[in-house]
Every structure is written in C-alpha cells, then in structure tokens.
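Report on the following structure.
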Amino acid sequence: MSGTKTRHGEAVELPFQVYARQFEKLPPCQARCPSSGDIRGWLGIIAQREKHGLSLDEAYDKAWQRIVEFNPMPATTGRICPHPCEDLCSRQDKDGAVSINAMERFLGDWGISRGLTLPDVPHQRHPETVGVVGSGPASLSFAYQMAIRGYAVTIYDRDERPGGMLRHAIPDYRLPREVLDAEIDRILGLGMALVSSVDIGEDLTLDQLREKHELVFLGLGAQAARRLGIPGEEGPGVIPGIEFLRKRKERQDTGCGRNVLVIGGGNTAIDAARSARRDGCSVTLIYRRSESEMPATAHEVEDARREGVEFRFLAAPTRIIRDGDRIRQVEVQAMRLGDPDSDGRRRPEAIAGQLDCLAADSIIVAISQEPGWHNSGAVLEAGAWLRPADDGRLQDKLFAGGDDLGPGIASRAIGQGRHAAESAHAELRGLPQPPLHPNSPLLTQDSVKVDYYADRQRSQTPRRRESSWLANPDREIDLTLSYAQASEEAARCMSCGLCFDCQQCFMYCNRGGFTRVEETSPGKYFAFAMDACEGCGKCIELCPCGYLEDRDVLT
Amino acid sequence: MAEGLELLTGKAPKPNKAEAMTLGDGSRVAVIGAGPAGSMFSYFFLSMAETIGLDVGVDVFEPRRFCHRGPAGCNHCGGIVSESLVQRLATEGIKLPDCVVQRGIESYILHTDVGDVEIATPLMEKRIAAIYRGNGPRSSEPLDTHSFDGYLLELAEQKGARVIPRLVTGVRRDEGLMTVSCADQFSDAYDLVVVATGVNSRLTEMLENETAEFSRADRTKTFICEFFLGREVIRETFGPSMHVFLLDIPRLEFAALIPKGDYVTLALLGDDIDEALIDRFFAAPEVRNCFPGGQVPGHVCHCYPRINIRSATPAYGDRLVLIGDSGTTRLFKDGIGAAYRTSKAAAKTAVFHGVSAEDFSNYYAPLCRKISNDNRVGKFVFSVATLVQKARFARRGILNMTANEQLQEDSPRRMSGVLWDLFSGSASYTDVFLRTLHPAYVGLLLWNLVSANLPGGRKAQKGNGHVRH
Numbered sequence: 030m031s032g033t034k035t036r037h038g039e040a041v042e043l044p045f046q047v048y049a050r051q052f053e054k055l056p057p058c059q060a061r062c063p064s065s066g067d068i069r070g071w072l073g074i075i076a077q078r079e080k081h082g083l084s085l086d087e088a089y090d091k092a093w094q095r096i097v098e099f100n101p102m103p104a105t106t107g108r109i110c111p112h113p114c115e116d117l118c119s120r121q122d123k124d125g126a127v128s129i130n131a132m133e134r135f136l137g138d139w140g141i142s143r144g145l146t147l148p149d150v151p152h153q154r155h156p157e158t159v160g161v162v163g164s165g166p167a168s169l170s171f172a173y174q175m176a177i178r179g180y181a182v183t184i185y186d187r188d189e190r191p192g193g194m195l196r197h198a199i200p201d202y203r204l205p206r207e208v209l210d211a212e213i214d215r216i217l218g219l220g221m222a223l224v225s226s227v228d229i230g231e232d233l234t235l236d237q238l239r240e241k242h243e244l245v246f247l248g249l250g251a252q253a254a255r256r257l258g259i260p261g262e263e264g265p266g267v268i269p270g271i272e273f274l275r276k277r278k279e280r281q282d283t284g285c286g287r288n289v290l291v292i293g294g295g296n297t298a299i300d301a302a303r304s305a306r307r308d309g310c311s312v313t314l315i316y317r318r319s320e321s322e323m324p325a326t327a328h329e330v331e332d333a334r335r336e337g338v339e340f341r342f343l344a345a346p347t348r349i350i351r352d353g354d355r356i357r358q359v360e361v362q363a364m365r366l367g368d369p370d371s372d373g374r375r376r377p378e379a380i381a382g383q384l385d386c387l388a389a390d391s392i393i394v395a396i397s398q399e400p401g402w403h404n405s406g407a408v409l410e411a412g413a414w415l416r417p418a419d420d421g422r423l424q425d426k427l428f429a430g431g432d433d434l435g436p437g438i439a440s441r442a443i444g445q446g447r448h449a450a451e452s453a454h455a456e457l458r459g460l461p462q463p464p465l466h467p468n469s470p471l472l473t474q475d476s477v478k479v480d481y482y483a484d485r486q487r488s489q490t491p492r493r494r495e496s497s498w499l500a501n502p503d504r505e506i507d508l509t510l511s512y513a514q515a516s517e518e519a520a521r522c523m524s525c526g527l528c529f530d531c532q533q534c535f536m537y538c539n540r541g542g543f544t545r546v547e548e549t550s551p552g553k554y555f556a557f558a559m560d561a562c563e564g565c566g567k568c569i570e571l572c573p574c575g576y577l578e579d580r581d582v583l584t
Numbered sequence: 224m225a226e227g228l229e230l231l232t233g234k235a236p237k238p239n240k241a242e243a244m245t246l247g248d249g250s251r252v253a254v255i256g257a258g259p260a261g262s263m264f265s266y267f268f269l270s271m272a273e274t275i276g277l278d279v280g281v282d283v284f285e286p287r288r289f290c291h292r293g294p295a296g297c298n299h300c301g302g303i304v305s306e307s308l309v310q311r312l313a314t315e316g317i318k319l320p321d322c323v324v325q326r327g328i329e330s331y332i333l334h335t336d337v338g339d340v341e342i343a344t345p346l347m348e349k350r351i352a353a354i355y356r357g358n359g360p361r362s363s364e365p366l367d368t369h370s371f372d373g374y375l376l377e378l379a380e381q382k383g384a385r386v387i388p389r390l391v392t393g394v395r396r397d398e399g400l401m402t403v404s405c406a407d408q409f410s411d412a413y414d415l416v417v418v419a420t421g422v423n424s425r426l427t428e429m430l431e432n433e434t435a436e437f438s439r440a441d442r443t444k445t446f447i448c449e450f451f452l453g454r455e456v457i458r459e460t461f462g463p464s465m466h467v468f469l470l471d472i473p474r475l476e477f478a479a480l481i482p483k484g485d486y487v488t489l490a491l492l493g494d495d496i497d498e499a500l501i502d503r504f505f506a507a508p509e510v511r512n513c514f515p516g517g518q519v520p521g522h523v524c525h526c527y528p529r530i531n532i533r534s535a536t537p538a539y540g541d542r543l544v545l546i547g548d549s550g551t552t553r554l555f556k557d558g559i560g561a562a563y564r565t566s567k568a569a570a571k572t573a574v575f576h577g578v579s580a581e582d583f584s585n586y587y588a589p590l591c592r593k594i595s596n597d598n599r600v601g602k603f604v605f606s607v608a609t610l611v612q613k614a615r616f617a618r619r620g621i622l623n624m625t626a627n628e629q630l631q632e633d634s635p636r637r638m639s640g641v642l643w644d645l646f647s648g649s650a651s652y653t654d655v656f657l658r659t660l661h662p663a664y665v666g667l668l669l670w671n672l673v674s675a676n677l678p679g680g681r682k683a684q685k686g687n688g689h690v691r692h
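As you go down the protein sequences, you meet chains C and U in turn. Residue numbers for the first sequence, in my numbering: 30 to 584. Residue numbers for the second sequence, in my numbering: 224 to 692.
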C-alpha cells in the first residue's frame, strides 16, 4: 500500500510516501557474506572519510576496527575466502564487482603492520568460564567474541599449535604462516588460555569439560578423510588430501613419488595438486564431473593449470592396480553428466565399457572430509555430524560451529562462532536472544541506479610473475593492494541501501524537506520532515543507492 | 590556485588569468545544470568562441540522466515550445527532431462555464510543439519519447562541451577565480561560472547565503501531473489541442491540459497552488467533461515545481552569471524562450566583452530588465484575466467574440490572437496588452459583452459549430 489521501471525498492512492525513519537495507554483499560482516560499513568509512574529517590512515584504522567487530582474522580471510560477497555486487555487470576480498586483505595487513589491537577486554570479568574445543576459525571466533564480552576462555586443541585447518591444510603460497600467527596471537593475547595436545573423548571427556566450565563450544572440525571405496585402496601410496597438505606444511616427507593422481574437485584437491607440483611431481587431477561443476574457486583452478596441473574431467577411479605394495596404475571410468541431483549439479553417470588406465606412483584422495571425533557422552557420536540449532546451540550451555556441522568455508565458521557467542552470552546473562539475521530488509534488485555512478575499473590485485611461482614454492603468489589502490577501490562501493551523502534529495526536493544533520556519519546525513512531503517521489527516483524508497506509512 | 587544488586537478596554475576579466585561450567555464538554459548557453558560447578562434573549455555539471523516466530525469514543466521559438531555434541550427516533439498542437480549446471555444492556429504560426523535458512520465514505456533537454545537451556536447555527471553543492570565490565543489569531494577552479540550475535546486539558496550582494529569485508553487489515457483515447477526446480553462477559482491563474503521446499533462499555475485548489479544479464540471466518461482518472506522476516570479538580483557578479529560471524568466509562460534569450545574451557577453560584473551589467542586465518589465505588464494582464474569471457576463462576451472571429477566416481575429499569445507565450505581455488597447478591440469587446448577455444572445451561437456547450 502506498499512502492514501482523500481527494474528491474518495481515497486516492498517492504514488509515494516517504517518512522519517531510517531506510537502511541489507546490501547483496553482506547478505551473501557467511560471517555477516559489515562490508558496506567499513568500505564507507574509507570512501566517505573526507566528510568526517578523517585522514586516509585514520580511515584505514577505523575500517579495520569495524571489520574485526565481526571477523578477528581479516588478513587470513582476505587471502583464502572464495568471497561469495562479490558474486552479486551491484557493480558486477558495470565494471566488475568491488574487490571486497582484496580490500579485506589490505586492511588485515594494515592492522598487522600498524600493530592495531582488538577491542579491550572488560576489567570486570563475568564469573562464568568458557571452554572451547578446537582452535580453527569457528573456535577462535567464538573465543574472541566471548573474551571481549568479559569471559575467561580456555581453548583445548589436540594439536600442538592453534589454527586448525588454517594452519594444517592451507598451503603457504596462499596463506603465509606469519600472517596466520600474527592474527591468532592477537586473539590469544586477549588473555585466553590454550591447552594443547588434548584430545576430547580420549584425554578428557566432554562431561568432564562441562563440569569444568559453565559453557562449552565445540569446534572440532572434520578431521577424517572420506575414502574412495574402490579395490586396491588399502595399502601405501593412497594419501588423504588433508594429510598430504599437513605433512608438506610440517616439511615432512609426503612419500608421494613422481607421478601423482589427485582425486577430487574442491579447494583441497587443488591445493594438494598445486603443492605436489611444487615438489616437482607430475600431477593429474581427476574429477568425475566437468570443470563448471567444480566446487573449487575458478581462479585457483586456472592457477593450477598455469602451474602445469593436468586435468581429467568426467572420469572416476574404479580400481587401483598394484605391483605388490606399489601402486602401478589406476583404472579410470569415463563419465557423462545425467540429470541434476538434489544440489542442482548434474549427476555423473558411467559410460559403459569406457575404461582406461593411468600410470601413477601415488594417489591423493581429496573428496571431502568426515567427522573425526571419538564417542563422548550423549553428544559426540563418532562419524555423525553435529546438528545444532541455527545459533549453534546443541544443548543448554553447549554450542557448536565450524566444520563439525559439515564442511564449509572459514568465513562461515567465523560467522557461526560469532552467532554462537552472541547466543551464549545472552544465555549466561539472561538477556533476550539476539536476532540471527540482520534486521534490515534485503535491498530489492534493480533499486540501485548503476548508471549514476561514474565508471571506475576494478583494481588489479598485484601478483608475482608466473615464472617465479614454482621456483619459490612457499612464497605467496597474490600480493596486497597498494595504499593508493585501496582507497580507490573503496570509492567504487556504491553503498547499496545506505545513504552516502550524494545530496540529490537535499538539493532537489521542491519543498526543501531534507535538512542536514549536525553530526554526520556514514548513512546519517539528512533528516526528513514527513509533513513536508509533497509525494512527488523525486527523491526516491534520484536516490542512486536504493536507500530512499516507497514504503507503507506507519502510524 | 591553491597548491592542493593543483595536485587534485593536475592542471598548471594560471596566475595571469585571475586578474584578467576576459576569457582567453585555455579559459575554463563551468555551467551548472544542463536544462535548456545550460545546454543552450554551452552551445552558443562554444559556437561564438569558435567564430573568433577562442579555444575555451566548457564543463557542464549535471548529475541527472534525461534517459530516466519520471521526475528524476524531468524538469518540471508543461512542455510547450511556441512556434516562434521553434522557428528561432531553427535559425540557430537547433532543429527539433520528430522524436522530441510528442505532439504538434494545432489549436487551443478554451473551456468556461458558459461554453467552450476552439481557437485555431494563427495563420503565421504552423503549430506548437509539446515535448517532454525528461524521458516521459514515471512508469511510461520508453517507446518514442526523447527528452528535449537531453537533445539540447547532445547538441552542446557535439559543440565540444564536456558533461560532468556530478552534483554541484558549492560555488565560491577563490583567489580571483571561481571554485566549484561537488558532493563527492571533487572541486575545480574556473574562470566563469554559469548558474543554470533553475529554481528547484538549492544551489541559488546556497549562493545567496555565501554572497551578501546577491538575492535569489522569488518562487511560487505550481502543480504538474500526468494522466495515462492512451493514444487513441487522447485522439478522440483531446485531439491535437491544448485545453485551457477560465474558471472562477481563487489563486488559479492558468490551467492547461496538454496531450502528449499516451499521456496528458496538466499544468496549474498561480499563487501557491495547494491541494485544496487542485481538488476544486478536478471537481469543476468543465474539467471533468474533458475526460472520457466525465471522470478525472488517477494520475501516474505528479510534482509541485516552483517557478520564478521575481528575478534574482542581480543575476550576475564577477565571473558569475545566472541564466534561465535561476536568473530571469518570463512570468508563467515561455520559460524555454527566456532560457534561449538569457543564455544567448550571457554567452555573447562572456565571449565578446568579458566576465566582470560590469560587463554583465552593461550587456546582459538590459535583457533581464526588459523581461522583468514585461512581466510587470503580464501581472496586470493576468489580473484582468482574473476579473474575467470572476464575472460570468465577461466570460460570455469573450467567448462570443472569439467564436465569431473563428467563423470569419479573413477577420483580424483580435480576441483570438490575444488569447493565443497569452496561452502560448508566443508574444510579449506588453505586445498583448497594447493590442487590447486598440479601439477596434475595445469596441468589439463591448459589443460582444452586450450581445452575448442579451436574452437570446447565446442562442445565436449554437449553430456556429465553434462554441460547444
């Protein structure tokens, strides 16, 4: 319903009614971000800095502080996140999505190089203590959010060093260990205790842990590799992808030989294939569907190809042929794509009679992960995913998040950790449960007037020369945006769904109904007097970012 | 120029320019607003500069897109270009293409409570052009509408003007030059700033606040809306005619329905048009009967644009000139014609004389004064029209005289001509007024006042086919 007014004694619909309240809408980037970061917010601090008297340095500092309200590890996610936030960016079809991921990385590095600190832990601590199992991104996010809310946190991990999959499974050329260390140390520096080399269910039961702490968070990850289930799989030379990556990072002998077949189409498979290339192996990656169905990030696949990884699509291993213990060959079945299955991807089907054999010394199996914990109490059942409520609650004062709910990306784990902490804090303090989803409505498609914005080309992420990639196997390939590039890239943000002070409503309202507020901040520039509205809707049509819109009149 | 600004714009400083109040090679002009005044200024300015071999740059600041439908791309206007202006533009090389002209207006129909009369196009005028300033009403189909303003801006661009899609939010004097600043932190220095923002932007208010000696134009509120009826229905009900109304509604000076494509534009002009007045207008049977089924349909798009009712004073300063509605325009009518005249005079002054306040005072101000003086006469003419609106016997007389003129092809058509020029803005108010002083006009009017109000007087008109009851 639009506003109604009486005309000739009858109710007549007025096309538009604007009224004085905030019109903020959820932008597509944030709607897609699994950690629900305030992307538009931190980009806006940089883009609109001059309106608030901030120098560029100050703006970068403030933007970093805004990021870490949601995600304490931006330098890490800025490197490894497949950035679904960029997929539906309103700029996408104009001149390319805003380089959100590269901006996150820039700010993450900025925070590290400037020695910026996370929010202070309150002096007054709550009496309850919190136990966190695991130290991957979900656990670190949960621990961080609880620490800054004033809880004493103890992290238990079965490994010696914290970080979970970030430490063990992401190769150095994608995530240098110094960057990860810097961000983890900053979190642990908030005064939390780390108990290493403790396996829950083995060294300590879950019940014991729950007696020790008022509240427990499970971030166990998915440590067990799925198996192929084909003849010849038992025996040396068949290496789970995660184990291969972990050994490489720990600089142990992987024992993979010269000729390596990698099975799988996800990022772990690509990481394994590229890592094996770095050890001088010849690598063929076998995937049962076609390239477009690969879950791996497209540019990672492209980089793997440039590094000499061979791809064999629409193929599935059926048998491992050994000569004694040693692998000789892998029998491969040719596949074709059939009808779509439940996730919408077309199901691969075997083409009868089309088999061939590929020579191999070893096989890296990276076809997903499975729960890897022991039975413990009534909650942990070996081999079964955890199934908590949407906010991560398994039971009263027991929460879970991350890959133990099923494999996902680090950004999702960070979001789950934060949501669980918000709910856990509310439970411990007897506060109302916080909303899981943002309050603002999602920006309606096409409400951003893309042609209002001047063309600005997407910043090119600097990269090292391709010829140097394999020669320096642990050196990072992608580099960070420059100081100047970052401010230019932030200026590309169209501020979808939030006022950025284009001033058109203010300048063009026939009635002069908009007044500038004294203390401005991103999103808060103008107040509007509803009784001044003449209902022409010009402000709505002019508003480039979809902030002002036609709404029902609230009384 | 401040050092910071040089860094920002990457342009070399122009130390000698600040003193010289004339434009030279490399001078830069900012035109704020790309309505007809801004675009025509750019067009004339660059054309004139070319004739004397002056190499100057023109930046036109306009954040809006005329390809957008609805008020955002629109410019608050009934959208009538008089034939005399169409001809004058043609002589300047500006020939309105068919896609810009929504409908040629071939006659006016005057509606009163005592009957209607159709006034055909005077012999020397072919037709009036009905245009959209933007790209048509909200939610209209982008079929064949082409923006009038967009077309003029294209012409300016062809002459070499550079369009900068930014909203200007400040103009200030800075070390002898003018600095233009925008909402997105952009700013740049210019040798001359031409304000062509109209009176529906805050820029002149900001100029007034910053410049003590300047006072912006006085404004009043008008009403414009669009009805969707469809081409066929419009052809049958409205025809190629503009419908004007002589109604006894206080504060209403002029009301017209103008057919354009699938839409009909309503324009109400007067003193602070408000909802009560609009309601009264829609309730009038003369208005309702224009629409199919005697019902005024809901409108798809409306706004309350402000119009200039007293010129900005002065409409210039050193390196600053206000043209079109933001400076001086004609009262109620022919705003585009005034934009044409003021933009050309300002361009001429800047190119051939200089850009000081004195130059504009000598060569630009006389035109503004002429228009203002004519508006004073116009005010009087409209006040007489108001008296006519109040007096039923007078309406009868005027209707009668007009109808009789329309029957006689070779008559001087004194009343028709007066009404036509008053409605279309084709002639100055002074000219219209002087014609009403002609003894023949006065005599005929008196005769018609008497005859039309005699018992049986109205009967005689019934058969003439022009007066419609």
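Ideal Cβ positions, reconstructed from N, Cα and C, are used throughout, including at glycine.
Residues of chain U with a Cβ closer than 8 Å to the Cβ of C/Phe535 are, in chain order, Arg425.
The CB of C/Gly575 never comes closer than 9 Å to any CB in chain U; the least such distance is about 13 Å. Between the alpha carbons of U/Ser674 and U/Asn623 lies a gap of roughly 8 Å. Boundaries of the beta strand (DSSP E) harbouring C/Lys553: 553 to 557, taken from the DSSP string. As DSSP reads the structure, U/Pro482 sits in a beta bridge with U/Val487.
The beta carbon of U/Ile496 lies closer than 6 Å to those of Lys444, Thr445, Phe446 in the same chain, with the five residues before and after it left out. Per DSSP, C/Pro346 lies in no alpha helix (DSSP H) segment; the continuous beta strand (DSSP E) that holds it begins and ends at 344 to 352. In the structure shown, U/Thr427 falls within a helical segment according to DSSP collapsed to helix, strand and coil.
Listed by position along chain C, the residues whose Cβ is nearer than 9 Å to that of U/Pro360 form an empty set, because the closest Cβ is around 11 Å away.
Within the region 395 to 408 of chain U, Ala406, Gln408 place their CB atoms closer than 7 Å to a CB of chain C, listed in sequence order. Counting the other Cβ atoms within 10 Å of the Cβ of C/Ser226 gives fewer than 16, which makes it exposed. For U/Arg529, a Cβ of chain C is located within less than 8 Å of the residue's own Cβ. For C/Asp480, the residues of chain U that pass the 7 Å Cβ criterion are Arg288, in the order they occur in the chain.
By DSSP's assignment, U/Cys526 forms a beta bridge with U/Ile447. In this structure C/Pro101 is buried. Its beta-carbon is surrounded by 16 or more other beta-carbon atoms within 10 angstroms. With a 10 Å radius around the Cβ and a threshold of 16 neighbouring Cβ atoms, C/Tyr512 comes out exposed.
Straight through space, the alpha carbons of C/Thr326 and C/Pro111 are spaced by roughly 6 Å.
Within the region 474 to 534 of chain C, complete alpha helix (DSSP H) segments of at least 4 residues are found at 512 to 519, given in chain order. In this structure, the beta-carbon distance from C/Pro369 to C/Leu343 does not fall below 8 Å. Neighbours of U/Pro515 in chain C, taken as residues whose beta carbon is under 8 Å from its own, are absent, since the nearest beta carbon is some 17 Å off. Interface criterion met: the Cβ of U/Pro388 is under 8 Å from a Cβ in chain C. With a threshold of 8 Å between beta carbons, C/Ala483 makes contact with chain U. Annotation: C/Arg190 to C/Gly284 spans about 24 Å, alpha carbon to alpha carbon. Interface residue (Cβ-Cβ distance to chain C less than 8 Å): U/Thr552 is not classified as such. At least 8 Å separates the CB of C/Gln174 from every CB of chain U. Nearest in C-alpha terms to C/Gly160, of all of C/Met175, C/Val479, C/Pro166, C/Asp149, is C/Met175.
Taking one beta carbon from each stretch, the region 533 to 550 of chain U and the region 564 to 573 of chain C have fewer than 3 pairs nearer than 8 Å; the two do not touch. Within the model, the alpha-carbon separation for C/Cys528 versus U/Glu428 is close to 23 Å. Look at the region 100 to 154 of chain C and you find these whole runs of alpha helix (DSSP H), each 4 residues long or longer: 103 to 109, 121 to 124, 129 to 143. Per DSSP, U/Met465 is one residue of the beta strand (DSSP E) stretching across 464 to 468.
The residue from C/Glu336, C/Gly295, C/Leu169, C/Gln514 with its alpha-carbon nearest to that of C/Val312 is C/Glu336.
By the Cβ criterion, the region 124 to 134 of chain C is in contact with the region 500 to 510 of chain C, since at least three pairs of Cβ atoms, one from each stretch, lie closer than 8 Å.
In the displayed model, C/Cys58 falls within a helix according to three-state DSSP.
By alpha-carbon distance to C/Glu262, the top candidate from C/Pro463, C/Ser391, C/Ala453 is C/Ser391. The alpha-carbon of C/Gln532 is positioned some 15 Å away from that of C/Glu79.
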